[in-house]
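Take any residue in the sequence shown, count from 1 to its spot, add 847: that is its number in the working numbering.
For reference, the structure discussed in these notes is given below.
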Amino acid sequence: MDGTSLFSLPEGMLVEQIQITESSVVIEVVATVPTSCCPLCSEPSSSIHCHYCRTLRDVPCAGRRVQLLLTVRKFSCRNPLCSRKVFAERVPTFVEPWARMTIRYCQQITSIGLATCGKGGARLAARLGIQTTRQTILRRIMDLPDLLSGSILFLGIDDFSFLRGYRFGTILVNLESHRVVDLLPDRKADTAASWMRQHPDIMAVSRDRGGEYASAAREGAPLAMQCADRFHVLKNLGESLEGLLARHLATQCKQQTQATLDEQAPVWQPKRATRSSPTLLRLQQSRREERLAHYEQVIALRKLGMSQAAIARQVGIGASTVQSWLAAGTFPERKPREQGSHLDRYLPYLILRWKDGCHNMACLFRELAEQGYKGSYESVRGNLVRLLPEGRKILRDSSSKTSALAPSRQASFLFLRRPEKLRVEELETLTKLRQIHPEVDRAYELVQQFAQMLRTRTGEQLDAWLAQVESSKLPELQSFAAGVEKDKDAVRNGW
Ligand SMILES: [Zn+2]
């Protein structure tokens, strides 16, 4: 097998020499086609003007980088009418005129880029023996010709963010081919409308329920039918529901807090009273005896003429204690402990904050300190653990990673899903939630009805549903229903 077919080189290229190192293959190739056509007048010429060498990167060979040293020629154009006197030989299927890499090498980079991304592609390419940068990969992808989108009959439009929460663009999708047909730099109605004007075939526009894209479709594609897509309808319903649930959960939480405060208040006193339990008294007595023995030892050693430091070492107590005992003259009894702790008067506040959901110890401690609490951080933590039946558990939970979702949002997900698809524990939670208040239960029924309509595409029941919500006295759902009412045709078209 000759080198030309081994390396799949185009016809007329002769491999003259191959140098192999550990990581690369250098192939010297000479172009041997006897004639070449002038790029200007297309006249073939066989009159060689000179030779020169092109260095090209080519696809790797068995993991080694491949470099082609391609000797090509310059021909003289003999056509007297042509203004080009000298032209370089071209190998159109193999390498572009001024390129420094072969076409097949570029194609590999493009494929890697399309399958991965700039950075990932560069890493993968390096493993495959292709030397490139992420910028090159991205440039190759950007250079790809745009797909001819043809006429778009059903258009999907939505926003996306370049930078989450800050900068938005618009994405346009052909709903028949499910392909992205264009991206717009912002999400303004004007921009989208002028894009739609350039696509007069649009028959239907599926959009969110926001005003911008609705007015864009009115302006840019006035004949097209507008549909509010089901995802956004359901999303809006979920948000309204979340508001309703948040309101009821907050009320429930406040009630529970008050109940806990009422329940715990009498408990604090008995706990203090245990300080004078027989066990404690015995303990206090024996501590006093030990202390008295130390005191007598200190006095005896002092009479022997020992220094205070030596006495402290001998007895095993602090030097300052020795000093104060000697100065006192008689055995200093311990002052009785102050009844209650510094924390007592702050406890109701503390428990209230805890129940409100503030489980950050440092934050709670800071708040108490601002109110004048002089005790320790450990005391705050210790008391909460002791006083709240669920304190230990909550402390443990708050130290572990908890769900980032607000309870009302989690609850709204439960409300929107099909009950037959819920797990047992989710069903239990759902049942408990529905029992919070008759309003919540009613909201669940309405939300499920709506979701069912959406799934079964039974838009004819929409008016009856809207009427039910109207008379439901659920402000959150009523405001959702008012929005649907305004955009009713589009909502129904979407079903
Ligand atoms: Zn010519």
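For every residue, glycine included, the Cβ atom is placed at its ideal position computed from N, Cα and C.
To which residues does DSSP link residue i through a beta bridge?
i     : result
M860  : A878
V872  : I867, V913
R1014 : L1010
F1343 : The displayed coordinates of the chain run from 848 to 1342. Any statement about residue 1343 would go beyond what the structure contains.
Y1291 : Y1291 is not bridged to any residue.
N1021 : L1002, R1026
P891  : C884
T902  : L916
F922  : I895, F934
L1031 : T1017
Among the options, whose alpha-carbon lies nearest the alpha-carbon of residue i?
i     : options                    : result
A1064 : S870, D1037, Q1299, L1128  : D1037
S923  : L916, R901, P886           : P886
C1074 : G850, H896, L1002          : L1002
Q864  : E875, Y1196, P857, S855    : E875
E1323 : T1303, R1135, Y1291        : Y1291
V1335 : D1055, C964, L961, E1066   : According to the sequence displayed, residue 1335 carries Lys and not Val. It is D1055.
E1059 : M1153, R1138, D1006, S1259 : D1006
P881  : E890, Y1224, I895, G1306   : I895
L1139 : P891, T1168, Q1155         : T1168
A969  : A962, R981, G976, L975     : R981
T963  : R1014, R1281, R1256, L985  : L985
A1039 : T1017, S1024, N1021        : T1017
A909  : S871, N926, E1267, S893    : S871
Q1045 : S1062, E1023, A1068, V1027 : A1068
Q1295 : P939, K1035, L1088         : L1088
T868  : A878, E890, V913, F854     : V913
F1327 : A1071, F1297, R1304        : F1297
Q791  : P927, E1086, P992, L916    : A question about residue 791 goes unanswered here, because the residues of the chain that appear run from 848 up to 1342.
Q1099 : P1254, V938, A1174         : P1254
F1212 : G1204, D1203, S1223        : S1223
L1031 : S1008, A1159, H1206        : S1008
M1072 : M1043, K1082, C1210        : M1043
R974  : T1278, S1133, R911         : R911
Q1170 : K1182, R1149, R1181        : R1149
G1204 : K1182, E890, A1097, T879   : A1097
R1256 : E1066, T1303, K1082        : K1082
L1293 : R1304, E1317, Y1220, R1011 : E1317
Q1345 : L1128, K1202, R1264        : With the chain covering only 848 through 1342, there is no way to say anything about residue 1345.
Residues in its own chain within less than 6 Å of residue i by CB, not counting five upstream and five downstream?
i     : result
Q866  : V873
H1095 : I1283, H1284, V1287
A1258 : L1092, L1280
G1341 : C1074, A1075, D1076, R1077
S1226 : L1190
P1179 : none
L1301 : R1077
F854  : none
M1208 : R1228
V877  : L861, E863, T918
D849  : none
L1277 : L1261
S1247 : Interpretation of S1247 is limited by its pLDDT of 39, a score under 50 that renders its predicted location unreliable; the figure taken from the coordinates is listed afterwards. Answer for S1247: no residue qualifies.
Excluding sequence positions up to five away, which residues of its chain have a Cβ less than 8 Å from the Cβ of residue i?
i     : result
W1115 : For W1115, the predicted structure reports a pLDDT of 48, less than 50, and the residue's modelled location is therefore unreliable. A value from the coordinates is still provided. Closer than 8 Å at the Cβ level, and outside the excluded window around W1115, lie D1191, L1194, L1234.
R931  : C885, P886, L887, C888, C924
K921  : I895, H896, C897, H898, Y899, V933, F934, A935, E936
R1289 : S1319, L1321
M1153 : Q1161
In chain order, what residues of the same chain lie with their CB nearer than 7 Å to the CB of residue i, ignoring the 5 residues before and after it?
i     : result
I1164 : H1141
A972  : I956, I959, T979
Q1144 : V1162
T851  : M860, L861, V862
R987  : C953, I956, T957, G960
F941  : P857, T949, I950
V1028 : S996, I999, L1019, V1020, N1021
A1166 : Q1155, A1156, A1159
A1251 : The predicted model places A1251 with a pLDDT of 41, which falls under 50 and marks its position as unreliable; any figure quoted below should be read in that light. Cβ within range, chain order: n/a, list empty.
W1172 : Y1142, V1145, P1179
Query raised in the report: In chain order, which continuous runs of the beta strand (DSSP E) of length 3 or greater are located wholly inside the stretch 1051 to 1109?
Result: 1051 to 1054, 1072 to 1075
Query raised in the report: Is the number of C-beta pairs between the stretch 947 to 959 and the stretch 898 to 916 that are closer than 8 Å three or more?
Result: yes
Query - Inter-stretch contact at 8 Å, needing at least 3 Cβ pairs: the stretch 1310 to 1317 / the stretch 1327 to 1338 - result: yes
Requested in this report: Pair every Cβ in the stretch 1000 to 1019 with every Cβ in the stretch 1043 to 1060, then say whether three or more of these pairs are closer than 8 Å.
Outcome: yes
Requested in this report: Examine the Cβ distances between the stretch 894 to 902 and the stretch 851 to 860 and report whether three or more of them are shorter than 8 Å.
Outcome: no
Query raised in the report: Considering only residues of the stretch 1175 to 1232, which uninterrupted alpha helix (DSSP H) runs meet the minimum length of 4 residues and lie entirely inside it, listed in chain order?
Result: 1194 to 1202, 1208 to 1217
Requested in this report: Identify every run of the beta strand (DSSP E) within the stretch 924 to 991, keeping only runs that are complete inside it and at least 3 residues long; order them along the chain.
Outcome: 933 to 935
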